[in-house]
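Written out below as structure tokens is the structure these notes cover.
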Amino acid sequence: MKILLVGAGGDVGRAIAQTLGETHTILAVGRTSGEYRADLTDDASVAALFRETGPVDAIVSAAGHLHFGPLAEMSAAQFNVGLQDKLLGQVRLALIGQHYLNDGGSITLTSGIVAEEPIAQGVNATAVNSAIEGFVRAAATELRGNRRINVVSPTVLTESLERFAGFFPGFESVPARRAALAYQRSVEGVQTGRVFRVW
Ligand SMILES: NC(=O)c1ccc[n+]([C@@H]2O[C@H](COP(=O)([O-])OP(=O)(O)OC[C@H]3O[C@@H](n4cnc5c(N)ncnc54)[C@H](OP(=O)(O)O)[C@@H]3O)[C@@H](O)[C@H]2O)c1
Numbered sequence: 076m077k078i079l080l081v082g083a084g085g086d087v088g089r090a091i092a093q094t095l096g097e098t099h100t101i102l103a104v105g106r107t108s109g110e111y112r113a114d115l116t117d118d119a120s121v122a123a124l125f126r127e128t129g130p131v132d133a134i135v136s137a138a139g140h141l142h143f144g145p146l147a148e149m150s151a152a153q154f155n156v157g158l159q160d161k162l163l164g165q166v167r168l169a170l171i172g173q174h175y176l177n178d179g180g181s182i183t184l185t186s187g188i189v190a191e192e193p194i195a196q197g198v199n200a201t202a203v204n205s206a207i208e209g210f211v212r213a214a215a216t217e218l219r220g221n222r223r224i225n226v227v228s229p230t231v232l233t234e235s236l237e238r239f240a241g242f243f244p245g246f247e248s249v250p251a252r253r254a255a256l257a258y259q260r261s262v263e264g265v266q267t268g269r270v271f272r273v274w
């Protein structure tokens, strides 16, 4: 399969590229790194990406920024960071990408454990991750041509623990290669509208 992977240079994306790259062709996309460059927050940039790659068999997103901070100090502008970047960025990828997805192809987005397990300073993350899962459940009912869409919800990765130090007290981390298996299940499997939890 020809698989477009956005966020291929990140902690999650590198593991997906390694796992799926064993048997598929990966088109690695990043904002500032990778074989292809695109910014998920920009319609024109995403449209240009698909014009450059042409049709693909799978679209996988492992990208998206959130705002972490205390509720009492949060502004609407800060909350909007997650809405514009992780939520609308991935939704935009799916909306534009569906028209470049071969019959029988799949879209896989990324949410995260905080959709269901709130953490301190994680209001934006919980709201955004929940919204992504809602988008996927509904979009699965409307995608045409035997196309599928799923979302992977990983807990914190062992490889990312240092970066998120203190945010996940008492959470068990998982190795990135285990999270990558859920993306493989979404891409190579038959299910649609599913949230694949990895924790
Ligand atoms: N790491 C974890 O433990 C963990 C756990 C659960 C969920 N997640 C979720 O998984 C996703 C990836 O996390 P990560 O930790 O792997 O992130 P990361 O290490 O920061 O990497 C992010 C990747 O996404 C790309 N990217 C960022 N913004 C982009 C944009 N606007 N347009 C296109 N590409 C963009 C970056 O490209 P450049 O470097 O080229 O800019 C980079 O390749 C996020 O949604 C995160 O919330 C992560």
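Under this note's numbering, the letters of the sequence shown match residues 76 to 274, in that order.
Beta carbons: idealized from backbone N, C-alpha and C, even for Gly.
Computed from a prediction, not measured in an experiment: that's the story for all the values here.
Decide if residue i is buried, meaning its Cβ has at least 16 other Cβ atoms within 10 Å, or exposed.
i: H174; result: exposed
i: E247; result: exposed
i: D160; result: buried
i: T98; result: exposed
i: S181; result: buried
i: L146; result: exposed
i: R238; result: exposed
i: Q266; result: exposed
i: T230; result: buried
i: G164; result: buried
Nearest to residue i by alpha carbon, out of the options?
i: G96; options: D86, R222 and L80; result: L80
i: A254; options: L232, G264, F242 and F239; result: L232
i: N110; options: E127, E208 and A133; result: One detail in the question is off: residue 110 reads as Glu in this sequence, not Asn. Answer by Cα proximity: E127.
i: G268; options: R212, N155 and L163; result: R212
i: S120; options: R167, R272 and G241; result: R167
i: L162; options: I101, E208, M149 and R222; result: E208
i: A195; options: H142, S235 and L170; result: H142
Rounded to whole angstroms, what's the CA-CA distance from residue i to residue j? Just pull it up for me.
i: S205; j: S186; result: 7 Å
i: G139; j: V226; result: 13 Å
i: G220; j: G179; result: 7 Å
i: R222; j: T216; result: 10 Å
i: E192; j: D117; result: 30 Å
i: M149; j: W274; result: 29 Å
With DSSP run on the structure shown, which of helix, strand or coil describes residue i?
i: D118; result: helix
i: L218; result: coil
i: A103; result: strand
i: R238; result: coil
i: L141; result: coil
i: I207; result: helix
i: I188; result: helix
i: R112; result: strand
For residue i, collect the residues of the same chain with a Cβ closer than 7 Å to its Cβ; drop the 5 residues on either side in sequence, then sort them by chain order.
i: R280; result: Within the shown structure, residues of the chain are numbered from 76 to 274, placing residue 280 beyond reach of any answer.
i: F125; result: I171, G172 and Y175
Which same chain residues, not among the five before or five after residue i, have their C-beta less than 8 Å away from its C-beta?
i: T183; result: A133, I134, V135, S136, I224, N225, V226, V227, Y258, S261 and V262
i: V189; result: G197, A200, T201 and N204
Can you list, in chain order, the residues of its chain whose CB lies under 6 Å from that of residue i, leaving out five sequence neighbours each side?
i: R106; result: D114
i: V270; result: E208, V226 and S228
i: A169; result: I182
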